[in-house]
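For reference, the structure is listed below as structure tokens.
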């Protein structure tokens, strides 16, 4: 069985294939879902040995979340059902239409909440790899600043292990997922503690230096706050649009590791004024990333599926916006006090 819908032609759209493996009793339900959402194309395979069958639906990015939400109702009632999402490199003939129906505007994200969760949730886990990356990145950042080497500092920025927990926290509060939020907060504190601690030990054994790379981490200003807000938004836009390559630029634009390493070095050297400035820059970057990332998740229509989760997410959203917003206001006041 196969159905082809007719929608607006757009050669740039990145199609997705949603495959659902389910019992034969769900054939009619899946067909109704495919027809009701007017997917680009769909087909069904013959049944497997366990009497399940596979249906594949080709969907446009703007419509995949609604299709997934309906298909997940089958998962809720069938223990042996499974959904798999795959990208489509190209399709011939290209999906298009003559009439140009209106596109769905419920979610403007090119990726579903399930895809985002699968990619971002790993950033909230404390693993040996994460700890190793934090340690190595801290050492690279500290050595780069000690040697006044821009290239080495950028290398530490690109590693960017501390960005993952902050994006996971923003997604966790957006979806009202307390487990993900708690894991992300724990990972962030552990990563920051390890990074600052290693840099502090380096500061205790190495002679103090003064150069442009170190002093740049003490130059807190309102433009730096605006940069952090814009970079946090860009990070989530890169994720939701599937343009992961854009994250590299974000990692460099709003790096958390250099100010964290600078904070540890200055504390190790007993340079408390510089340590406070570096800590202030680190706090500004963290607050700005979380606030702007959460705002973009909300504007892109990322939300939970079930009503109880939606209620919890709204409550979490209010507290999160209030916390990070007030934090930024306080930090802005501290910048004013430091400057004037």
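Numbering (our numbering), first residue to last: 584 to 923. C-beta: ideal position from N, C-alpha, C; glycine also.
Going by beta carbons, residue 766 and residue 707 fall inside the 9 Å limit. Scanning its chain for C-beta atoms nearer than 6 Å, with the 5 sequence neighbours on each side dropped, one finds around residue 770 the residues 707, 709, 748, in chain order. DSSP, reduced to helix, strand and coil, places residue 771 within a helical segment of the structure shown. Assigned with DSSP and collapsed to three states, residue 627 falls in strand. For the 9 Å CB-CB criterion, residue 847 and residue 797 do not form a contact. If you compare the alpha carbons of 697, 803, 647 with that of residue 842, the shortest gap goes to 803.
Counting along the chain, no alpha helix (DSSP H) covers residue 839, and no H or E run does either. A direct Cα-to-Cα measurement between residue 737 and residue 637 gives close to 47 Å. In this chain, residue 665 is not harboured by any alpha helix (DSSP H); it is covered by the beta strand (DSSP E) spanning 665–670. Two segments are said to touch when three or more pairs of C-beta atoms, one from each, lie closer than 8 Å; by this definition the segment 708–728 does not touch the segment 654–669.
Taking every protein chain shown into account, the CB of residue 790 has fewer than 16 other CB atoms within 10 angstroms, so this residue is exposed.
When secondary structure is reduced to three states using DSSP, residue 639 falls in the strand class. Note on geometry: alpha-carbon atoms of residue 610 and residue 660 lie some 14 Å from one another.
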